[in-house]
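**Student:**
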Amino acid sequence: MRLIALASFLALAACATMPEDPVDPVDPDAPACAADSYQHLVGQPIGEVDTETLPHPTRVVPHGVAVTMEYRADRMTVWLDRRDHIERVQCG
Numbered sequence: 001m002r003l004i005a006l007a008s009f010l011a012l013a014a015c016a017t018m019p020e021d022p023v024d025p026v027d028p029d030a031p032a033c034a035a036d037s038y039q040h041l042v043g044q045p046i047g048e049v050d051t052e053t054l055p056h057p058t059r060v061v062p063h064g065v066a067v068t069m070e071y072r073a074d075r076m077t078v079w080l081d082r083r084d085h086i087e088r089v090q091c092g
C-alpha cells in the first residue's frame with residue numbers, strides 16, 4: 001500500500017510545473033532619480049561637494065567598497081575613484 005502511495009506521489013510530482021521566473025521587482029512607474037542633473041559632478045573631489053544638498057536617497061560609494069546590488073530607481077549612487085573624485089553618477 002505504501003509503495004502505491006509513493007508511486008502516485010512521484011507520478012504527480014513529475015507532472016508538476018515549475019513556477020516561472022519571478023517578475024522583476026523594479027516598479028516601472030517609480031520616480032527616476034536625478035542622476036542626469038548631477039553629471040556635472042563627475043571628476044570633482046567629493047570633499048568639494050556639499051553632499052547634504054544631493055537628492056534623497058543618495059549613496060556615496062568609496063572605491064573598492066562592497067555595496068548591495070538591489071536596484072532602486074529613485075536612488076542616486078555616486079561612485080568614487082581611488083583619489084575620492086567622483087567617477088560616475090547613476091540611478092540605482
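Under full-length UniProt numbering, think of the first position of the sequence shown as 1, with each following residue one higher. Backbone N, C-alpha and C fix where the C-beta goes; we use that ideal spot for every residue, glycine too.
(1) Residue range of the beta strand (DSSP E) that C91 falls in?
(2) If you measure between the beta carbons of P55 and A34, is that distance less than 9 angstroms?
(3) Just the C-alpha distance for residue 101 and H63, rounded to the nearest angstrom, thanks.
(4) Rounded to the nearest angstrom, how far is the Cβ of V60 from that of T51, given a contact under 8 angstroms?
(5) If you count every other CB in all the chains shown that lies within 10 Å of the CB of M69, and 16 or more means buried, which is it?
(6) Where DSSP assigns a beta bridge to R59, which residues make up the other side?
(7) Could you tell me if T77 is buried or exposed, where buried requires 16 or more neighbouring beta carbons within 10 angstroms of its beta carbon?
**Tutor:** The short version:
(1) I86 to C91
(2) yes
(3) Residue 101 lies beyond the stretch modelled for the chain, which goes from 1 to 92, so this question has no answer here.
(4) 6 angstroms
(5) exposed
(6) T77
(7) buried
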